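For what it's worth, numbering that gives the first Met the number 0 labels the leading residue of the sequence shown as 0, then goes sequentially. C-beta: ideal position from N, C-alpha, C; glycine also. In this text, all values refer to a predicted model and were calculated from it rather than measured experimentally.
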Amino acid sequence: MDNSISVRTIKRAISFHYRRKWKSMDRPKLDKEKARIRLHFCQGWIEDIKELKEFINSDEVSVANASSNPNSFCFRMPHEKYNKDLVNKNDHVKPTISVMFWAAIWKTERSRLITMTCDPSSKNNGYSSWKLSHRVRGWYTKY
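Here is the structure:
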């Protein structure tokens, strides 16, 4: 006796009750040209892998008290469409607090977390690379 169920049977059974709120995961598009560029990068560094491991990697992050994309998804029946606990509440307001931080990591160490300050002379009172380099100069020069 065969107890296996086909994927199509499961899809049919679920689609009767759950026709909404299915979201696929986002991922970057990788076409042949971008894949070729990534492969070329890897092939170029394969001989100097020790040097690559010594690189300093840095990134910045913005922290705010209101998300610009507050998506959450759930399973529900069609008649539960407007139940308060199953509806995404969407605020169309700018956050009142928004702070940008910067940090770097490398092999066995890390930088301190740097709070970025806005540059009044930059476009839209944003952040400039000069400000970052000025804040980082203290610890970066010893490496």
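- In terms of CA proximity to L112, E59 leads the group I96, H78 and E59.
- The alpha-carbon separation between T114 and K93 amounts to approximately 20 Å.
- One Cα belongs to W44, the other to L51, and the distance between them is close to 7 Å.
- Classified as exposed, A12 has fewer than 16 neighbouring CB atoms from the shown chains inside 10 Å of its CB.
- Closest option to T116, judged by alpha-carbon separation, among F100, I104, R109 and E108: F100.
- Under the criterion of beta carbons closer than 8 Å, S97 and S61 qualify as touching, at roughly 6 Å.
- Going by beta carbons, W105 and F40 fall outside the 8 Å limit.
- Close CB contacts of A103 within its chain, under the 6 Å cut and outside five residues either way in sequence, are with I55, S57 and S110 (chain order).
- Annotation: I36 to K28 spans about 14 Å, alpha carbon to alpha carbon.
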